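Protein chains in written order, with our numbering: chain A, 1208 to 1327; chain B, 1208 to 1327.
Number of protein chains: 2
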Amino acid sequence: MAESLKGFVKNLEEIEEMEMDGGARIRWLITHRDGAPTFSMRYITIEKGKETPAHAHDYEHEIFIIKGKGEVTLGNEKKELKEGKFIFIPGNLFHKIHANEDMAMICVVPIKAAKLLLGD
Amino acid sequence: MAESLKGFVKNLEEIEEMEMDGGARIRWLITHRDGAPTFSMRYITIEKGKETPAHAHDYEHEIFIIKGKGEVTLGNEKKELKEGKFIFIPGNLFHKIHANEDMAMICVVPIKAAKLLLGD
């Protein structure tokens, strides 16, 4: 992927949106397909009343809430979310995010997860 | 760091802000100090007229613009930035971001860069 060595700027709207279990929607902004070696940045939106998948997996998430309000379940605990909150979810911790208002967030995963989830 | 295995939710304002070369300001939201194994999420603000350091390094950036307008220099090219744009900067590419309005963004780096930059 020689062209990735130049880097790039793209707009959110250029990226196809996919639906996740729970009704959240995801855009894979930067992945190994772009030449990213270590981690993958995704943009996730959740409509009021919908949520992200309720699950655990062996890789971590780092999430920043850009807009909206909701709550995250981390193991047995629930915490409130709003713009400016951020979340560290280590590997193997059960989690889901439920939207009480339309939400948008950045969610970063390791490249090994991107390859797994995108089937590469 | 046993407690990090529970994960956490924090607010931007809880994190100390540090000044960077060029006048941008950075908050290290999630790092190896929290138990993050792979990558580190930072929140960077740039006041109108100021900029991030102008440099190259051997690790990559993945950046999402949350608010404001400006321009990024990638090697010899300049590209316009605004809310919803995102940037992949591969290792060893010269770069800087200049703000034409007050800007805020998420910028992710590998943990090896976090350790280097935080002196750990």
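Built from N, CA and C at the ideal position, the CB exists for glycine as well. Quick caveat, the model's predicted, so the values are computed rather than measured.
Practice problem: Return the residue from the list Ala1231/B, Glu1226/B, Leu1236/B that minimises the CA-CA distance to Gly1291/A. | Solution: Relative to the Cα of Gly1291/A, the nearest Cα in the group Ala1231/B, Glu1226/B, Leu1236/B belongs to Leu1236/B.
Quiz prompt | As assigned by DSSP and simplified to three states, the class of Leu1334/B | solution = With chain B covering only 1208 through 1327, there is no way to say anything about residue 1334/B.
Quiz prompt | Contact with chain B by Lys1276/A, beta-carbon distance below 8 angstroms | solution = no
Quiz item: With a cut-off of 8 angstroms, does the C-beta of Glu1223/B fall near any C-beta of chain A?
Solution: no
Practice problem: Taking only beta carbons into account, state which residues of the region 1227 to 1257 of chain A come closer than 9 angstroms to chain B, listed in chain order. | Solution: Leu1236, Ile1237, Asp1241, Gly1242, Ala1243, Pro1244, Thr1245, Phe1246, Ser1247, Met1248, Tyr1250
Quiz prompt | Against chain B: residues of the region 1302 to 1321 of chain A by CB proximity under 9 angstroms | solution = Near chain B, meaning a CB-to-CB distance below 9 angstroms, the residues of the region 1302 to 1321 of chain A are His1302, Ile1313, Val1315, Val1316, Pro1317, Ile1318, Lys1319.
Quiz item: Three-state secondary structure (DSSP) at Leu1300/B?
Solution: Reduced to three states, the DSSP call for Leu1300/B is coil.
Practice problem: Say whether chain B places a C-beta atom closer than 8 angstroms to the C-beta of Leu1300/A. | Solution: With 8 angstroms as the cut-off, Leu1300/A counts as an interface residue toward chain B.
Quiz item: Less than 8 angstroms separating the beta-carbons of Arg1234/A and Ile1253/A?
Solution: no
Practice problem: Leaving aside the five residues before and after Arg1249/B along the sequence, list all residues of the same chain whose C-beta is less than 8 angstroms from its C-beta, in chain order. | Solution: Ile1233, Arg1234, Trp1235, Leu1236, Ile1313, Cys1314, Val1315, Val1316
Quiz item: Taking only beta-carbon atoms, is Leu1219/B less than 8 angstroms away from chain A?
Solution: yes
Quiz item: Over what stretch of residues does the alpha helix (DSSP H) that includes Ala1321/B continue unbroken?
Solution: 1318 to 1325
Quiz item: When the cut-off is 8 angstroms and only beta carbons count, does Pro1260/B lie next to chain A?
Solution: no
Quiz item: Alpha carbon to alpha carbon, what distance is there between Glu1269/A and Ser1211/B?
Solution: Legend: pLDDT at Ser1211/B = 44, less than 50; position of this residue unreliable, value from coordinates given subsequently. Roughly 13 angstroms separates the two Cα atoms.
Quiz prompt | Beta-carbon proximity check, Ala1263/A vs Phe1293/A, cutoff 8 angstroms | solution = no
Quiz item: Apart from the five residues just before and just after Ala1209/B, which ones in its own chain have a Cβ nearer than 7 angstroms to its Cβ?
Solution: Low confidence applies here, because Ala1209/B scores a pLDDT of 45, under 50, leaving its location unreliable; read the following figure in that light. Answer for Ala1209/B: no residue qualifies.
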